[in-house]
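Count the sequence shown with this note's numbering and you get residues 1 to 624, in order.
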Amino acid sequence: MQDLEDVKDLLPANAQVDDLRYEASDIVIYTGSKEFFLDNSDTVKKIVSEVKKRVEVRPSQKLSKDASHAKKKLKEILDDDAGLDDVIFQPSLGKMIIRAEKPGAVIGKKGSGLQEIRKKTLWAPQVERVPAIQSKVVDRARELTVEDPDFRKEFLDDVGKKIRLKKSVGDEWIRISTLGSCRQVGRSCFLLQTEESNVLLDCGVNPSAESGTPDNYPYLNAPELDLQQLDAVVLSHAHMDHCGMIPYLYKMGYDGPLYCTEPTRDLMIMLTLDYIGLAHSENNKAPYDSSHIKKAVKRTITPEYGEVTDITPDMRLTLKNSGHIIGSSLCHIHVGEGLHNILYTGDYNYDNTEMLRAADTNFQRVETMITESTYGGKDDKQTPRDEANKKFLSKVKQTLNKGGKVIVPVFAVGRSQEVLGLLADEMDRDYFDYPVYIDGMIKAANALHTAYPEFLSEKVQDKVHRDESPFLKENIQSIGSYNERQQVYEEGPGIILTTSGMLSGGPVLSYLKKLAHDEKNALIFAGYQAEGTLGRKIQSGAEKVEIGDEQVDINLDISTVSGFSAHSDRQQIINYCKNLRSSPNRVLCNHGEEKKCFSLASSLHKILHIDTSAPQNLEAIRLN
């Protein structure tokens, strides 16, 4: 490839290059020279200026010191307060992964710690934060991310070569095929195509459809989708309606890269493993198994927010904060040399919350925007967060004061952390002294949040750095077994945060069976309840529901607090479109009930005077 030849020509004679290869869109130089490894900044700057790609210098295997020796040196360098937990060596990649409780103590001021580590160990250090909460699920997820470095080296080199294939000259066209989530909430999936490229945006399940039915999955049998020709998959965030079928792609023959943020990757592992575990426990057949999840992880590439990454010969991807859940991304794709720019929002929130910053609007160019419409209906208006907080706390305290228990069904990721953040604030002010029970995947999700505080709001980051994490309060008790649930039933008043958020499965059903008959208890919906779900039925006033083979009387107090949503409401979506640095020429509305998609599309057209539509599934739309 020409850019590798250009790099070779720019290297000094003493570089002692043992290997030069791609790492997806980046270039890695493996050197046998101690001097060049430790002092290469001027050369790297010159190369980057010439080839316009990120370049990294790592030691070749013959240069790096013995792993045991390097680990000994590392322990000598680091102070005890760094909280060194583990060191993982990847000789083929020249990397030493350092897992510590306080990464800042490893990195040092202006990177001085990393420089010293490089000098004394002759390894390229990579620092990861150890979760402050112990979780076997998170541990397993992290194990998968470092497995088989030899395979990963070859895979990333192959990806880099495919990205750099010479572009053909022909009719420049772009089209998008709608394979899911249009005029519905669930199974998000879009296929973006050009003459050169095929890229899939999200691939999720439909939470309101019966497991195993065609309505549960995207239209992956659409004729335009050929998994053998698929170049890349981009994942906006790790909710099952967006990520739940990604391992299935690898089961059916896809073998290419998956692009997402680091928290999204780890959450995807956790949630998909839980998904197949739940299917087995209910005697249902899962569409894939753990080997396919592992296959996806080994092929995952994790750009940072704002980092421009080539993903095909004619597409560049930029991920930015969407404000929805930790690691969630707005996906901006630049096609060709200025040909077209697409902004796929996934799910987003244009408001600051307890845990997250508002969605980013800084995109230089956007011609086509694909926006969610979950709360895009004409009457959809989020309760202001302060008001929602007051309403929620009032209902909670009212129930607790009369000796009842409060069930709050939540998604493991996002809503549960928002509610916990609110309750933690009350605990800090000594306004709240009741137990908060968390059940389902919430503990694991909390653990992951403690591993990536840089993705959270400044408020939470500050608390973490002061050792006042909202996830580590004494009142918070993790529940994970039948016996522990029985104890919750027998104990006094308390709050139960449990999955699933739409009552479509999980431990929340056990709590409903046991507690729904008692009028002094309460059920608070703090999130969206899709059509057809048990949550929607109860929210709409059902007095008796079937859970498993059991008829359950719904006598407990039912209320809904809308202000905790991780989605933008109608006005926020309109404001977001107005405030984008580059106003779109076209907006496609998806991820909402049919009437809400149409309503939002109509309003955006009238307000912004641009082309809008609410496509249905299996449409193909030319964008340019």
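Where a beta carbon is used, it is the ideal one built from N, C-alpha and C, also for glycine.
Relative to the C-alpha of residue i, which residue among the options is closest?
| i | options | result |
| --- | --- | --- |
| T302 | L267, D569, A620, L4 | L267 |
| M245 | L258, R265, T272, T261 | T272 |
| N446 | S613, V138, L330 | V138 |
| T345 | L356, M369, H334 | M369 |
| I325 | T300, A358, D314 | A358 |
| H125 | L144, S64, S603, F151 | Here residue 125 turns out to be Pro, not His, going by the sequence shown. Nearest of L144, S64, S603, F151 to P125, Cα basis: S64. |
| P214 | G180, E426, Y431 | G180 |
| E262 | K473, E519, D66, R142 | R142 |
| P59 | L534, D42, M96, A24 | M96 |
| S450 | D439, E468, Y434, D433 | Sequence inspection shows Thr at residue 450; the Ser mentioned does not correspond to that position. Looking at the Cα atoms, E468 is the closest of the given residues. |
| N40 | E458, E418, Q16 | Q16 |
| G506 | E490, A82, R485 | R485 |
| T121 | D158, D66, K390, W173 | D66 |
| N283 | S211, K166, F37 | S211 |
Just to confirm my understanding: we take residue i, look at its own chain, exclude 5 residues before and 5 after, and list those with CB closer than 7 Å. What are they?
| i | result |
| --- | --- |
| V44 | V55, V57 |
| K71 | V87 |
| L227 | L249, M252, G253, Y254 |
| P149 | Q90, S92, L93 |
| S135 | K443, A444, A447 |
| Y511 | I407, I496, T498 |
| K395 | A522, I524, S559 |
Look up residue i in the DSSP assignment and give the residues it is bridged to.
| i | result |
| --- | --- |
| C589 | T371 |
| S211 | Answer is none; S211 lacks a bridge partner. |
| Q551 | E546 |
| G494 | K405 |
| F455 | Paired residues: none, contrary to the question. |
| D557 | A522 |
| Y30 | D19, R58 |
| A124 | K95 |
| S177 | L191, A620 |
| V199 | L192, A232 |
| V87 | I98 |
| H332 | T318, L343 |
| Y259 | V234, I301 |
| S613 | L588 |
Alpha carbon to alpha carbon, what distance is there between residue j and residue i?
| i | j | result |
| --- | --- | --- |
| V587 | Y437 | 42 Å |
| S208 | I27 | 44 Å |
| P131 | K102 | 10 Å |
| E154 | I276 | 30 Å |
| L74 | Q487 | 46 Å |
| K62 | G32 | 6 Å |
| G160 | L618 | 32 Å |
| Q2 | S481 | 58 Å |
| P584 | V335 | 15 Å |
| V7 | V51 | 8 Å |
| L523 | T399 | 10 Å |
| D360 | H69 | 45 Å |
| L339 | A620 | 19 Å |
| D202 | K53 | 27 Å |
| E519 | P493 | 13 Å |
| A100 | V106 | 8 Å |
| E304 | T264 | 11 Å |
| E354 | R129 | 22 Å |
| G186 | H242 | 7 Å |
Please go through the same chain and pick out, in chain order, the residues whose beta-carbon is closer than 6 Å to the beta-carbon of residue i, but skip the five residues on each side of it.
| i | result |
| --- | --- |
| F392 | V561 |
| P453 | Q461, V464 |
| H332 | T318, L343, F363 |
| H517 | D553, N555 |
| G541 | none |
Quick one: what does DSSP say residue i is sitting in, helix, strand or coil?
| i | result |
| --- | --- |
| N321 | strand |
| D42 | helix |
| M96 | strand |
| Y22 | strand |
| A296 | helix |
| I47 | helix |
| E594 | helix |
| P59 | strand |
| L165 | coil |
| D347 | coil |
| M441 | coil |
| D6 | helix |
| V185 | coil |
Here's a check: name, in chain order, each residue in its chain whose Cβ is nearer than 8 Å to the Cβ of residue i, leaving out the five neighbours to either side.
| i | result |
| --- | --- |
| Q616 | T178, C182, R183 |
| Q539 | F525, Q529, I558, T560 |
| E116 | I77, G108 |
Under a CB-based cut-off of 8 Å, is residue i close to chain B?
| i | result |
| --- | --- |
| K320 | Among the protein chains of the structure shown there is no chain B, as only one such chain exists. |
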